[in-house]
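Chemist: Dropping a structure here in structure tokens format, bear with me for questions.
Residue numbers (my numbering): 495 to 567.
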């Protein structure tokens, strides 16, 4: 898994104190959108390949944003 510095910025996180893994990203996803994001990830890892998804996040400062995710497996 690779995150650009922009991903950290969008989430309101600092690159030097966060592990790059799906768990902190999933934790930032709005609770109502987490299942859909996890399902897309699981389908991609099971062989469906790349995906594109819009969902909400809640940044570390509490601000809610809509993001577009483009994933290449």
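Glycine is no exception: its CB is placed at the ideal position from the N, C-alpha and C atoms.
None of these values were measured; they are calculated from a predicted model.
According to DSSP, residue 562 sits in a beta bridge with which residue or residues?
Modeler: Per DSSP, 548.
Chemist: Straight-line CA distance for residue 539 to residue 567?
Modeler: So the alpha carbons of these two residues sit roughly 7 Å apart.
Chemist: Residue 536: which of 516, 548, 550 and 526 sits nearest, CA to CA?
Modeler: Residue 516 is the option with its Cα nearest to residue 536.
Chemist: Exposed or buried, which one is residue 520 when buried takes at least 16 other CB atoms within 10 Å?
Modeler: By the neighbour-count rule (16 or more Cβ atoms within 10 Å), residue 520 is not buried but exposed.
Chemist: Going by beta carbon distance, what residues of the same chain come within less than 8 Å of residue 547, once the five residues before and after it are set aside?
Modeler: Only 530, 531, 534, 562, 563 and 565 meet the Cβ criterion.
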